[in-house]
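In my numbering, the protein residues as written are 77 to 243. As structure tokens, the structure follows; a few thoughts come after it.
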Amino acid sequence: MQQITIFKIITFILVPVALLFGLMDLIMLMMALSNPALLLIVFAMACFVIYLFASLRFLLQGILNERQCSATLKDWIKVNAYGTLFISSMFLLNSSAAFFINDINLRQVLSDMIDQQPELSGKISLDLFVKMFRVISAIMFVISLLTITHVMLNFKLMKKYAHLFEK
77 MQQITIFKII TFILVPVALL FGLMDLIMLM MALSNPALLL IVFAMACFVI
127 YLFASLRFLL QGILNERQCS ATLKDWIKVN AYGTLFISSM FLLNSSAAFF
177 INDINLRQVL SDMIDQQPEL SGKISLDLFV KMFRVISAIM FVISLLTITH
227 VMLNFKLMKK YAHLFEK
């Protein structure tokens with residue numbers, strides 16, 4: 077029962093994140109049409125969004141209401157969980173690396189980024205940019221941990237509630 081409660085809490089925490097990622101994914105899809113290198117990121121973010129809403133359906137329809145779920149829902153969850161694990165691992169590694177970089181190197185990298193974008197130059201201070209980078213890295217670290225935990229719990233619950241998936 078405790079697993080279900082934790083799963084439910086994490087699911088409802090991640091729903092607004094999935095909505096935001098879905099919106100960002102649509103915007104990035106437009107950019108990916110002109111830059112195919114972005115298609116992998118668009119695909120991985122779409123996996124996260126699809127996975128989370130398929131898991132939400134499994135939670136609401138299957139676990140809480142004890143109604144049968146289609147076998148395709150289980151397939152959607154499993155397939156998109158792997159893409160979700162990929163993007164969550166990438167976010168986790170990137171945000172972890174951001175914690176270990178010292179301020180001098182981070183300031184240099186961010187200063188170079190600001191210099192390459194003339195529309196940002198002079199409009200945002202380097203100190204604010206460093207703080208924003210640190211805060212966003214911390215947020216992405218927490219989201220990544222929650223997502224990886226969610227996927228692991230979801231696999232356990234799908235095994236436990238296998239009778240809910242029709243053949």
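Just so it is clear, CB atoms sit at the ideal spot from N, CA and C, and this is done for glycine as well.
Residue 157 and residue 145 have their C-alpha atoms some 17 Å from each other. Boundaries for residue 137: no alpha helix (DSSP H) harbours it, and the DSSP string shows neither H nor E there.
Take the alpha-carbon of residue 202 and the one of residue 194: they are about 14 Å apart. Boundaries of the alpha helix (DSSP H) around residue 127: 115–133. With contacts defined by Cβ atoms closer than 8 Å, residue 153 and residue 234 form a contacting pair. Taking 8 Å as the cut-off, the beta carbon of residue 93 is found closer than this to the beta carbon of residue 219.
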